[in-house]
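Novice: Whatever position you read off the sequence shown (first residue = 1), add 24 for our numbering. For each residue, glycine too, the CB sits at the ideal point set by N, CA and C.
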Amino acid sequence: MRPQRTEAIILHTFPARERDKLVVFLTPDHGKVKGYAYGARSMRTRFGASLEPLAKVRIGYVERENDEVVRIESVDLIRSLFPAQQNLAASVAASYLAETVDTFAQSGDPAELIYRLLDRTTEALLAGASPLHVVAYAEVWTLRLAGILPSLRNCNVCDEPLGRPLRFDAHAHGFVCPNCAPVDAQVIANDVAAALDAIMRTPVGEIAASEIAADVLFEVRSLAAFFRRNFLGHELKSYEILSGVLRA
Ligand SMILES: [Zn+2]
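(1) Work out the CA separation of A108 and S115 for me, nearest whole Å.
(2) Kindly give me the distance between the Cβ atoms of A129 and K56, rounded to whole angstroms, as I take these residues to be in contact under 8 Å.
(3) Identify which residue in E92, L156 and I33 has its Cα closest to the Cα of A238.
(4) Check whether the Cβ of E97 sits closer than 7 Å to any heavy atom of ligand 1, and report yes or no.
(5) Residues in the same chain with beta-carbon distance under 8 Å from A213, minus the five sequence neighbours each way, listed in chain order, please.
(6) Can we say the region 116–123 touches the region 187–202, given the rule of at least three CB pairs closer than 8 Å?
(7) How about L75 and T37: do their beta carbons lie closer than 8 Å?
(8) What are the boundary residues of the beta strand (DSSP E) that P27 is part of?
(9) Contact defined as beta carbons within less than 8 Å: I believe Y139 pairs with I236. What is the distance between those atoms, to the nearest angstrom?
(10) Could you please give the first and the last residue of the uninterrupted beta strand (DSSP E) stretch that includes T276?
(11) What ranges does the alpha helix (DSSP H) occupy inside the region 121–171, keeping only unbroken runs of at least 4 residues that lie completely in it?
(12) If you compare alpha carbons, which of V48, G229 and H54 is closest to A148?
(13) Determine the DSSP secondary structure at N254, reduced to helix, strand or coil.
(14) Rounded to the nearest angstrom, what separates T124 and M25 at their Cα positions?
(15) From which residue to which residue does the beta strand (DSSP E) around R84 run?
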């Protein structure tokens, strides 16, 4: 039995047996971890309200031999997502971020970058940032960290530097130069390409405070969705719900 104590962000909880919860959480050093919080569903639980999705916590747990599910010993709340949940779009965006990270984060491996992405984007939602800006940022960066965002600098076919306008070729799964672009290549508007560049080099807080227009971000999101679906073979479960809320 190896005790661990680490910062973590709760991704999901499920009721387990009569009084317990199964908790999936993300840690910087051990990636995604699954653990039982015994007694967490009973009235007088020592875990309090700290096992809520996207709560940032300090968590103590014990790894058990030959068991991939750990035993959670203690949870101390660092930051609750509760204030953001008062706003429908922020609340749905938060669930979507949790699903995105849950889908792409691995178990057992260090996950410092994706942890930091989830931490900063959640913090931005709490600070009242535009959910559309935060979600577009998180989608592009998740693809980048998973290694499935094609280059924005070099042609996906011949590796020549890309100019403007950016051209997207679905068959080549990426951005291509004028020489490699087929006739049906999609020309990306310059403000959409500029938004992608800005997301790559700017912290989420600055993107959220920027003047990037909603229709530009919808274009960025639809490109991100193409690469994500292509990789996963399906769309995320909360994608449609989020789209409905963001359009409203
Ligand atoms: Zn080329």
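Specialist: Once the coordinates are examined:
(1) In a straight line, the C-alpha of S115 is about 6 Å away from that of A108.
(2) 5 Å
(3) Closest option to A238, Cα to Cα, is L156.
(4) no
(5) P189, V240 and E243
(6) no
(7) yes
(8) R26 to A40
(9) Actually they are not in contact, since the Cβ atoms of Y139 and I236 sit about 25 Å apart, beyond 8 Å.
(10) The first residue shown for the chain is 25 and the last is 272, placing residue 276 beyond what the model contains.
(11) The region 121–171 contains these whole alpha helix (DSSP H) runs: 136–150 and 155–169.
(12) G229
(13) helix
(14) 31 Å
(15) A small fix is needed here, since residue 84 is Gly in this sequence, not Arg. Residues K80 to R88.
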